Amino acid sequence: MPASEAISPDMHHVGSLAEFELDVCKIVQVDGRDVGVIRTEQGVYAIANRCPHMGGGICYGTVTGLMTATSPENISYDETRKAMRCPWHGWEFFLNDGTAVGGITSRRLRRFPLHIIQDEVYVILRMPRPDQAETPRGDDG
Amino acid sequence: MPATIIDCDVHPYVNKLADVVAYMPQAWQERFRSQNVELSGRSVHRYPHPAGGSLRKDAVPPGGGLPGSDPDYVASDLLDRYDLAAALLIPIQASAVSAWTDATRADVFTEAINRYVVEHWPSVDSRYRICVTASPHDTEHAAAEVRRWRDAASVVAVSLPLLDTMMGNKHYYPIYEAAQECGMPIVVHPTGAEGSYLGAPTIAGGIPRTYAERHALVPQVAQANLASLVFEGVFDRFPELRIAFVEWGFSWLGPFMWRLDQEWRNFRSDVPWVKKPPSEYIHDAVKFTTQPFDDLSNPEDLWPFLDLIDAEKTLMFSSDYPHYDNDDPHIVSRRLLPKKSREAITSKNAREMFSARL
Ligand code: FES
């Protein structure tokens, strides 16, 4: 089935699970818009290719774990807490809930519901009502 | 509506050394090829970038190569997308020479890259305008290079990578003289060498630990050089010289000018050749650029700082495309700037600075 063909008006097949390399954001076209699909050990996620900070193409960024530290001498890395790091200013957003790593902003990364049926991946994408359309805001940094 | 925004900081990239080497005399071609010269000003081992590099991964041209290396793609990804009226091209790879020690090698390299950019970019889109690079090492030689571009319609300014010799020093006067004579402003932009090499501008206080810490302190270099320009009397010596400080920030400028003025009042007898308050020299001859725009939760909190520096006369829009910390032209112009200042900051001030050549 072609990647963007819908089996219900909102549900779009975007590929088979095996087509998504682990911890890499793959951009697929759904209804003419870029959606990033990311398969991780922890789950599969679909995100908008628009950073909540300034609109950067966040799907071209890096899938990363969570870097923390108790001091400069004691850093730790939790590879199970997956986040997307934007290729612009480097802001990171958790993939599981879209919140910003480190509490650097209250803005969230837009995520889309995703279903896996017999190893086939489907993204639910409703066209937003105009009053819900997400635009990047430069006023909440 | 006609395009109005002028972007005063866009970086054209050369994909591989061989592209520039082709513009060098034959012996230097051989020398550069065998040296396999790295085109980076920042010491990438001293301050590694947290994301592995400073170029936007989403700005890679469809045909491959470095972000910023394909003039057609930059035209569509930046100029057309944001409806820009003009873009000032600052070839940052040429600024790598600030960390070099062989003055002749630096001359050869800057001259080659100047030719490469002038030959490859404006012919693709007439909105491209170029800063040719003057090597800071042999300034007599660099002055001759500046004069060579006097009549090139696409060349509007001179990019001057800095050393730890500050801008007020006589060392740079041959370049200022040539720039003034040709009506080309001097553009100073961080090179990446700051705080990384012996001979490069130092970061005040000591050695920062991380990329983040160093990056926060880079504006000190602009502050030091502004003070140097004023107190060494450069603006009286070169009354037509104009200088653009690009990518050093601007919100610190208001209080910094207060301090310069106060020191001048207190110690006027120490620098009697400085005839008027430093802030007046700066207002008359210097402009600054917007990026990286201070990212406040409420942009209006920044507006009093714009008034402090008379931003409607001193500030010019810049994106810094294709670097990771670039600013979106529409967000800056429509959301972050007060409406009353928009036209001046996004267009008028750049036209005034780069005059008819823009
Ligand atoms: S646009 Fe993504 S971090 Fe700024």
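Chains as they are written, first to last, in the numbering used here: chain A, 426 to 566; chain B, 524 to 881.
The beta-carbon is built from N, C-alpha and C at its ideal position, and this holds for glycine as well.
Keep in mind the model is a prediction, meaning the values are calculated, not measured.
Of all residues in the segment 516-528 of chain A, none has a C-beta nearer than 8 Å to a C-beta of chain B. Taking a contact as a CB-CB distance under 8 Å, the pair B/P697 and B/T662 counts as one, their CB atoms being some 4 Å apart. Per the Cβ contact rule, the segment 678-692 of chain B is in contact with the segment 647-663 of chain B (3 or more Cβ pairs under 8 Å). Judged by the Cβ position, A/M479 qualifies as a neighbour of ligand 1 at the 7 Å threshold, a heavy atom of the ligand being closer than this. Considering only A/I549, A/I529 and A/R536, the residue with the shortest C-alpha distance to B/S820 is A/I529. DSSP places B/G777 in the uninterrupted alpha helix (DSSP H) bounded by L776 to N789.
About 5 Å separates the CB atoms of B/V744 and B/E717; that is less than 8 Å, so the two are in contact. The secondary-structure analysis by DSSP pairs A/H540 across a beta bridge with A/Y547.
In this structure, the straight-line span from the alpha carbon of A/K507 to that of A/Y470 is close to 10 Å. Note on B/E668: 16 or more other CB atoms within 10 angstroms of its CB, so buried under the neighbour-count rule. For A/G515, the shortest C-beta to heavy atom distance toward ligand 1 is below 7 Å. Taking every protein chain shown into account, the CB of A/Y502 has fewer than 16 other CB atoms within 10 angstroms, so this residue is exposed. If you draw a straight line from the Cα of B/R604 to the Cα of B/E755, it is about 43 Å long. Annotated three-state conformation of A/T489 is strand, per DSSP. Judged by the Cβ position, A/C450 fails to qualify as a neighbour of ligand 1 at the 7 Å threshold, every heavy atom of the ligand being at least this far. Chain-order list of chain A residues neighbouring B/R579: G481, G482, Y485, P512 and W513, by C-beta distance under 9 Å. Residue contact with chain A for B/P731: absent (no Cβ-Cβ distance below 8 Å to any residue of chain A).
B/A619 counts as buried, since at least 16 other C-beta atoms from the protein chains shown sit within 10 angstroms of its C-beta. The shortest C-alpha to C-alpha distance from A/H478 to any of B/N872, B/D851 and B/R857 is the one to B/D851. Within the segment 472-536 of chain A, the complete beta strand (DSSP E) runs of at least 3 residues fall at 487-496, 499-510 and 517-519. For A/E517, same chain residues with a beta-carbon under 6 Å away, outside a window of 5 residues either side, are A508, R510 and V526 in chain order.
Within the segment 611-665 of chain B, the alpha helix (DSSP H) runs of at least 4 residues that lie entirely inside it are, in chain order, 626-643.
For secondary structure counted as the beta strand (DSSP E) over 3 or more consecutive residues, the segment 672-734 of chain B holds these complete runs in sequence order: 678-682 and 709-711. Per DSSP, B/K810 is one residue of the beta strand (DSSP E) stretching across V809 to T812.
Those residues of the segment 845-869 of chain B placed with their C-beta closer than 8 Å to a C-beta in chain A are Y847, D848, N849, D850, D851, I854, V855, R858 and L859, ordered along the chain.
With respect to B/L602, B/I529 sits apart: the two C-beta atoms are not nearer than 8 Å. When the five nearest sequence neighbours on each side are left out, the beta carbons in the same chain lying within less than 7 Å of the beta carbon of B/A675 are those of V641, in order along the chain.
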